[in-house]
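Worksheet for the structure shown next.
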Amino acid sequence: MNGGETSNRPAPGSSPAAPAAPASPAAPAVDRRSGLHRRRVLAGAGLFGLGAGAGTGVTMGTQRLLPERADPVEAARRAALAPVTGDGVHQPGIAERAPAHLVFTAYDLTAADPAAARAALGTVLRAWTDGGRTLMRGASQSGASQSGASQSGAVQIGVAGVGREAAGLGSAGLTVTVGIGAAALRRAGLDARLPGPLADIPALPGDRLEATRGGGDLAVQVCAEDPMVAFAAARQLGRLAADLVRPRWVQRGFRRTAAAAADPTATPRNLMGQLDGTNNPRPGSAQFDLAVWAAGGPAWMRGGTYLVCRRIRMLLESWERLTEDARGEVVGRRIDDGAPLSAPPAATGGGEDTASDFAARGPDGRLLIAENAHIRLSNPQFHGGIAMFRRGYSYDDGLDATGEPDSGLFFLAFQADPRTAFVPVQRTLAASDALNTFIRHTASALFAVPPAPPAGGYLGQSLLEEA
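Listed below in structure tokens is the structure:
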């Protein structure tokens, strides 16, 4: 769940984009291709009760930052609430700093006939493309013209009344990311268009997977700094496709908030107390681009990525019986500052950023980072340099039937090809990772995340229209 040598933290600010022209009111005509009324989609602009034009001037995958102050921590906190929109090369919700709250929903298409399933798939992808863009922008002039507004011009009501619960909250850095599962392509008779990296994840040692918690035809990842915003957006998007899909499973997750963090750009901790995200590829770097974005394969996925989801339950009662030193030996890092066990003390410069020395030995001749330590087995240098971008969330689903806490990590990893990234790494971890004593993999899913569509297009358009 963690591991590596360097901490790659996002910059706390960047220059704001130039404001975009306000959108013109949408015509009330029915979209003949999708069968969805245009007003129904654009009504989502009313979700957050924002003033008109609140979300303009941003590009997909980039948060519009308010003018940076002298205090970088305050600038990072303000950036966490900045609107995100969908007008770029890649879908949002991947390279951005992860907001504090997650609602991840997997859906299955209801149509059984391949032709009907293919038509439904296109309709749903159009609806989620338009709806996601509108929600991320917040209230726009076009949205205000389609639904009720307050005296200040703030839209209050979304689709069929959904969304009032988030009125007045702002967009809270909302991102919407859509994925397509292999099952959807098979259901729609598009087996020939299945990309190789979307091959089913093989059974792995130690898996205790629950079928009802994994898989799925489609997925929608909704992230926001505010839980009500995330809930309302996920609910709104579900309603847009309610006639064509049924929810399969939902996972809610959380991280520390930017407001509470002493340093919002620092690596966050998971429920085991570990710094989780060390050695992640840095967004915008050559390593990130190589690790995350698909360069080959079918045209409809070039510039996209593949998302592996794993629900990892943590046996916290057992973990917490260990001393902190013992926990560090399991992970291969000091728990307090995240430094590898091969690093010098913090007082003499050792820290999270210190490179791991996997050959280093102590006075007794033993390896300082054990052969079965988590960071050794997961480190890219032992897997041909292949990396993946982890963007997971903690979860707490209360108690199970036996009264034990059901808490852990909802592991999310974006990568160019799971066959050469997640699968070999997890196979190695499953065989001998010392952390296995304290975790259980209980659910798994894999989705293709297409690139952002061009202006006027929709997600996965070339998959459906060029088949």
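If you read the sequence shown in the UniProt record's numbering, its first letter stands for residue 1, the second for the next number, and so on. Ideal Cβ positions, reconstructed from N, Cα and C, are used throughout, including at glycine. These figures come from a predicted structure and were not determined experimentally.
Can you tell me where the alpha helix (DSSP H) holding residue i begins and where it ends?
i    : result
P114 : P114 to R137
I375 : H374 to S378
S432 : F422 to S432
E165 : Premise fails: E165 is in no alpha helix (DSSP H) and is neither H nor E.
E324 : E324 to V331
Q461 : Q461 to E465
L237 : P227 to L240
R186 : A182 to R187
Hey, quick one: how far does the beta strand (DSSP E) through residue i stretch, first residue to last?
i    : result
G253 : V245 to F254
G398 : Y393 to L399
Do you know how far the Cα of residue j is from the Cα of residue i?
i           : j    : result
L125        : E465 : 12 Å
R239        : L368 : 53 Å
residue 472 : A370 : No answer is possible for residue 472: it lies beyond the span of the chain, which begins at 1 and ends at 467.
L316        : L322 : 10 Å
F447        : Y306 : 6 Å
D263        : T257 : 10 Å
V250        : T348 : 46 Å
R427        : L290 : 22 Å
Q287        : I386 : 9 Å
A199        : A183 : 10 Å
G304        : P363 : 49 Å
I201        : V423 : 7 Å
A188        : A117 : 5 Å
G214        : D397 : 16 Å
N436        : D325 : 17 Å
A295        : F358 : 32 Å
A234        : P340 : 39 Å
D71         : A100 : 21 Å
P450        : G457 : 12 Å
A401        : V331 : 30 Å
R269        : A98  : 13 Å
D406        : M314 : 8 Å
Excluding the 5 residues preceding and the 5 following residue i in the sequence, name in chain order all residues of the same chain whose CB lies nearer than 8 Å to its CB.
i    : result
I312 : M1, G408, L409, F410, F411, I439, R440, H441 and T442
T267 : S7, R9, L275, D276, G277, T278, G338 and E352
R193 : L185, P298, W300, L463 and A467
A416 : P197, L290, A291, V292, W293, A294, A295, T305 and Y306
Is it buried or exposed, residue i, if we count other Cβ atoms within 10 angstroms and call 16 or more buried?
i           : result
V220        : buried
residue 468 : Outside the shown range of the chain, which is 1 to 467, sits residue 468, and nothing can be said about it.
R391        : buried
P418        : buried
R376        : buried
P227        : buried
V292        : buried
A18         : With a pLDDT of only 40 at A18, under 50, the local geometry of the prediction cannot be trusted, and no value is derived from it.
L399        : exposed
R327        : buried
P247        : exposed
V89         : exposed
E96         : buried
G168        : exposed
T177        : buried
L36         : The pLDDT assigned to L36 is 47, lower than 50, so where the model puts this residue is not dependable, and the model offers no usable value.
S285        : exposed
A360        : exposed
P344        : exposed
D130        : buried
If you drop the 5 nearest sequence neighbours on each side, which residues of the same chain put their C-beta closer than 6 Å to that of residue i?
i    : result
A346 : D337
P195 : G297, P298 and M301
E210 : T442 and A443
G122 : L464
Which partner residues does residue i have in the DSSP bridge list?
i    : result
R310 : F411 and S444
Q221 : F104 and T177
L109 : V245
I439 : M314
L275 : R269
F288 : Its beta-bridge partners do not exist; DSSP assigns none.
L81  : Answer is none; L81 lacks a bridge partner.
R390 : A413
R361 : L367
Excluding sequence positions up to five away, which residues of its chain have a Cβ less than 7 Å from the Cβ of residue i?
i    : result
R77  : A258, A259 and P264
E320 : none
A431 : P205
R208 : R440, H441 and T442
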